[in-house]
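> One structure coming up, written as structure tokens, with questions to follow.
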Amino acid sequence: MNGRNGSLTSSSSVSQALLLQAYRRAIRLVFNLVVVALLVGLFVGAWRTFLELGFTFTEPTVRLGLKELVTNVLSLVVLLELVRAFVEYFELERVRLEILLEIGIALALREFLLLLYEARLSGMDVFFWGLGILALVAGRTLAVQFSPRRAG
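Each residue of the sequence shown is one higher than the last, beginning at 28 in my numbering.
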């Protein structure tokens, strides 16, 4: 009877190993596709930003042209941070908290500046946005300070 249990256990562990290997390959394939899509989006976004640079001169006001330029550049920064997070996950198979917080900071700054350009913020809104961004920056600082790489 022990021989049968031993063979069931070994075949079960072999099938688990094969399933785990198939899972890892599928994850690598999906991450490769996501990184390629993000890189294509980044290059297309950068190219379009350079092409639309002329709008800063042709818009009725300088403010409208700069708003488009700032929107495009900040969107590219967020996309660049996302690419960096995916590439790091692909290389190390983990996501660092500091990179996620950097993405959050870039996204919060983008949204804050867009609302500021549209003049849709009151004094309290600016205070709360600033407080939120400051909290993200403090969180990133703590994540860097207490990083496992620094502790080890």
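For each residue, glycine too, the CB sits at the ideal point set by N, CA and C.
(1) I need the boundaries of the alpha helix (DSSP H) containing Arg137, first residue and last residue.
(2) Would you kindly work out how many angstroms separate the C-alpha atoms of Leu136 and Ser40, rounded to a whole number?
(3) By the three-class DSSP mapping on this structure, what secondary structure does Glu120 have?
(4) Locate the alpha helix (DSSP H) running through Leu161, then write down its first and last residues.
(5) Between the region 119-127 and the region 145-156, are three or more C-beta pairs nearer than 8 Å?
(6) For Arg147, which three-state DSSP category applies?
Here's the rundown:
(1) In the sequence shown, residue 137 corresponds to position 110, counting from 1. That run of the alpha helix (DSSP H) goes 124-144.
(2) Position 109 of the sequence shown holds residue 136. Position 13 of the sequence shown holds residue 40. Rounded to the nearest angstrom, the two C-alpha atoms are 49 Å apart.
(3) Residue 120 sits at position 93 when you count from the first residue of the sequence shown. Reduced to three states, the DSSP call for Glu120 is coil.
(4) Taking the sequence shown and counting its residues from 1, one reaches residue 161 at position 134. Counting along the chain, the alpha helix (DSSP H) containing Leu161 begins and ends at 150-172.
(5) When Cβ pairs closer than 8 Å are counted between the two stretches, the region 119-127 is seen not to touch the region 145-156, the count staying below three.
(6) Residue 147 sits at position 120 when you count from the first residue of the sequence shown. Here Arg147 sits in coil by DSSP.
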